[in-house]
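Residue 1 is where the sequence shown starts when you use our numbering, and the numbers rise one by one after that.
Beta carbons: idealized from backbone N, C-alpha and C, even for Gly.
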Amino acid sequence: MSNFESIIDRIEIEALRSEFTDTVMMRDPDRLASLFTEDGVWRIPPIVDITGREQIRAMSKQLQSQWDFFVQTTHPGSIQLHGDTAVGRAYISEILRLRDGSSHLNYSIYHDRYRRTPDGWKFAERSYEVRYLDSTPLAGSAPHAGGAAASAPKEHSS
């Protein structure tokens, strides 16, 4: 593999990780499921350990139904390429309030395995490791809690 191909692969994998964050922020379980291989695994111990796109879609809907609001940011981590597979890490910060009133602020790591498919790079596995958790009630509020921002611009295809 040339250095140029390696750079392209890294950019595509980083785009995949960014797409993941966008799907959860925009509450799009169908798009989230499409980011995984057919046999992809998603783990968030101790609440999520599932395999396959249908289970990922269903779990995403279940988790999102519990949110008053949710914000996730992803920070680039490592990517190690091995031909048509790769491993990597992404650093995550999240803040959320659930409909039951509980709050969470956490800093975590996604340990990833990626696979090149005919449709591009996909997650073969995402495993979440919480490094810091604060469940102190949040003092702030979300202007548009419970859904996407009311003034979100429409996406246009070119």
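{"Query": "Is the region 126-141 close to the region 100-109, with three or more CB pairs under 8 Å?", "Result": "yes"}
{"Query": "What beta strand (DSSP E) runs, 3 residues minimum, are completely inside the region 112-145?", "Result": "120-134"}
{"Query": "Please look up how many angstroms separate the CB atoms of R116 and A124, rounded, as I've assumed it's under 8 Å.", "Result": "Not really, about 10 Å apart at Cβ, beyond 8 Å."}
{"Query": "If you draw a straight line from the alpha carbon of T23 to that of G83, how long is it in whole angstroms?", "Result": "27 Å"}
{"Query": "Is I56 near T74, with beta carbons less than 8 Å apart?", "Result": "no"}
{"Query": "How far does the alpha helix (DSSP H) with S93 in it reach, from first residue to last?", "Result": "Looking at the DSSP string, S93 is not in any alpha helix (DSSP H); the run it does join, the beta strand (DSSP E), is 85-98."}
{"Query": "Identify which residue in P46, R126, L98, S78 has its Cα closest to the Cα of I11.", "Result": "S78"}
{"Query": "Identify the residues that DSSP records as bridge partners of F20: which are they?", "Result": "F20 is not bridged to any residue."}
{"Query": "Beta strand (DSSP E) containing L81: first to last residue?", "Result": "79-82"}
{"Query": "Rounded to the nearest angstrom, what separates I95 and E5 at their Cα positions?", "Result": "36 Å"}
{"Query": "Per DSSP, which one or two residues make a beta bridge with I109?", "Result": "Y91, E129"}
{"Query": "Between the beta-carbon of V87 and the beta-carbon of D112, is there less than 8 Å?", "Result": "yes"}
{"Query": "DSSP three-state call for D49: helix, strand or coil?", "Result": "strand"}
{"Query": "How many Å lie between S108 and P76 at the Cα?", "Result": "12 Å"}
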